[in-house]
Amino acid sequence: MAEMEPIDREEFRQEARAWLKANFPPALTNVPGLLFQGDAHAAAANADYQLWRQRMTDKGWGVPTWAPRYGGAGLTEAHGKIIGEELAAIGGFNPIRSYGTMMLGPTLLEYGDEAQKREHLPFIASHERRWCQGFSEPGAGSDLAALQTKCIDMGDHWLVSGQKIWTSGADQADWCFVLVRTDTERKQGGISFLLVDMQSEGIEARPIVLISGSTHFCEVFFNDVKVPKGNLVGEVNQGWTIAKRLLQFERNSLSEVKADITPLAPLAHDYLGTDALGRIDSPDLRARLVRNAMRHEAYMATVRRLAAEAKNGGPSHGVSALKNLWSGIIQERAELLVEIMGADGLGWAGDPYSAAEKEATRAWLHSKAFSIYGGSYEVQNNITAKRTLGLPG
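Counting the sequence shown from 1 gives a position; our numbering is that position plus 95.
Right, here's the structure in full:
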């Protein structure tokens with residue numbers, strides 16, 4: 096099937112709206128997509144999710160801008176955004192969204208050879224192959240280039256030994272894209288980028304229990320793991336360049352507009368009541384809710400402006416600033432939600448608390464990680480200062 100320029104945008108919007116209305120399972124309306132994307136067991140047990148994933152795979156709309164030969168629909172970025180907007184409008188989600196589509200897929204499209212693209216992209220496009228990201232180590236977090244996981248050239252294969260940490264979903268992943276050290280004499284210039292099958296002998300993933308109660312982070316041990324030579328992406332010691340590009344894709348995905356944010360004002364009316372004029376009965380809280388909503392609107396306008404400037408050039412260094420802005424907006428929103436609910440917003444378990452109240456507690460705790468993962472707040476500011484503002488390092 097040849098790639099082709101899609102139809103007129105407005106005509107395409109109507110087509111997308113009609114197809115999504117006819118094919119999105121109503122039972123999944125307003126269900127968080129992360130529920131299935133982060134938990135393979137929940138995904139396998141839900142028939143509606145499986146049906147929705149298959150329909151989007153067949154349509155190629157999980158990764159609409161990828162070429163059909165890789166599982167996409169060959170659409171433009173503009174038409175891909177329309178699909179996302181129409182999904183959000185009906186309370187839907189992309190069942191294909193994953194570390195594979197957000198980070199590895201775009202990176203392979205730029206740096207992978209054709210065999211690697213054919214081998215991995217169609218499985219990413221159908222969400223049949225789950226990926227995790229093996230970057231951070233106990234001694235290499237913000238200073239990622241200090242990583243020490245060894246990769247030795249054994250002639251007919253690579254031999255990998257070391258430890259990674261904060262590896263999301265490693266205990267359920269099928270594959271991992273890993274940064275390894277192939278040259279001990281150079282820091283950034285001694286790193287390579289490997290694709291590793293998580294079923295390989297010598298790999299152990301151990302979940303880490305977080306303060307929010309979730310266990311999606313893991314520590315991963317590589318004990319003399321054999322990796323085929325063909326799993327090297329790019330050239331030997333080119334991994335740092337590839338990793339920087341992948342991190343741009345990651346930060347871009349973390350800074351994407353979430354158009355389906357539920358307004359907090361109606362909830363505040365229910366919990367706090369209203370004054371004589373029908374306003375939230377707390378002037379201070381009312382003002383902070385308005386400020387958060389205004390920051391969100393300003394953020395969305397900025398995203399649209401940068402997208403128009405970038406056109407089809409892919410994410411730029413500006414995504415670092417966007418990632419920090421979005422993290423702040425969501426963290427502030429989580430704080431406001433807990434404050435609105437009062438003592439009920441600190442519920443953890445048991446009958447006195449509703450499911451929404453328990454979720455608010457966990458979301459508030461989980462939001463603390465937003466300014467850390469994908470590159471910490473301070474690292475993003477440094478990137479913005481140097482790459483966007485041109486300040487000295």
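Each residue gets a CB set at the ideal place from its N, CA and C atoms; glycine is no exception.
query	result
For the beta strand (DSSP E) holding Gln258, just list the boundary residues, first then last.	252-259
Less than 9 Å between the C-beta atoms of Val291 and Phe312, yes or no?	no
Give a yes or no on whether the C-beta atoms belonging to Ile260 and Ala220 are separated by under 9 Å.	no
Classify Gln475 as buried or exposed, calling it buried when 16 or more other Cβ atoms lie within 10 Å of its own Cβ.	buried
Between Arg340, Leu362, Thr244, Phe465, which has its C-alpha nearest Ile298's C-alpha?	Thr244
Do three or more CB pairs link the segment 267-278 to the segment 216-233 at distances below 8 Å?	yes
So, at 7 Å on beta carbons, what are the nonlocal neighbours of Trp114 in its own chain, with the 5 sequence-adjacent residues on each side left out?	none
Where Trp161 and Gly167 are concerned, what is the direct C-alpha to C-alpha distance, given to the nearest angstrom?	4 Å
Could you have a look at Ala300 and say whether DSSP puts it in helix, strand or coil?	strand
Can you tell me which of Thr369, Val158, Ala122, Thr152 puts its alpha carbon nearest to the alpha carbon of Asn141?	Ala122
So, helix, strand or coil for Lys321, using DSSP?	strand
At a cut of 8 Å, does the segment 414-422 reach the segment 434-447 through at least three beta carbon pairs?	no
Taking the beta strand (DSSP E) that Val291 falls in, what are its first and last residues?	286-292
For Gln109, does the three-state DSSP call read helix, strand or coil?	helix
Please confirm if the segment 230-248 is in contact with the segment 374-392, defined as three or more CB-CB distances below 8 Å between the two stretches.	no
Short check: CB of Ser471 to CB of Gln426, under 9 Å?	no
My guess is that Gln211 and Leu204 are in contact by the Cβ rule of under 8 Å, so how many angstroms apart are they, rounded?	About 10 Å; that fails the 8 Å criterion.
Less than 9 Å between the C-beta atoms of Glu181 and Arg112, yes or no?	yes
Since Gly442 contacts Glu434 with CB under 8 Å, what's their CB separation in whole angstroms?	So it is not a contact: roughly 14 Å between Cβ atoms.
Since I believe Pro201 is in contact with Phe344 (beta carbons under 8 Å), could you give me their beta-carbon distance rounded to a whole number of angstroms?	5 Å
If you follow the beta strand (DSSP E) that Gly229 is in, where does it begin and where does it stop?	226-229
Quick one: is Gln132 buried, meaning 16 or more other Cβ sit within 10 Å of its Cβ, or exposed?	buried
Taking the beta carbon of Pro159 as the centre, do at least 16 other beta carbons fall within 10 Å, making it buried, or is it exposed?	buried
Identify whether Lys463 lies in helix, strand or coil by the three-state DSSP scheme.	helix
Cβ atoms of Gln145 and Ala139: under 9 Å apart, would you say?	yes
Thinking C-alpha only, which one of Leu129, Ala117, Tyr194, Val126 is nearest Met151?	Ala117
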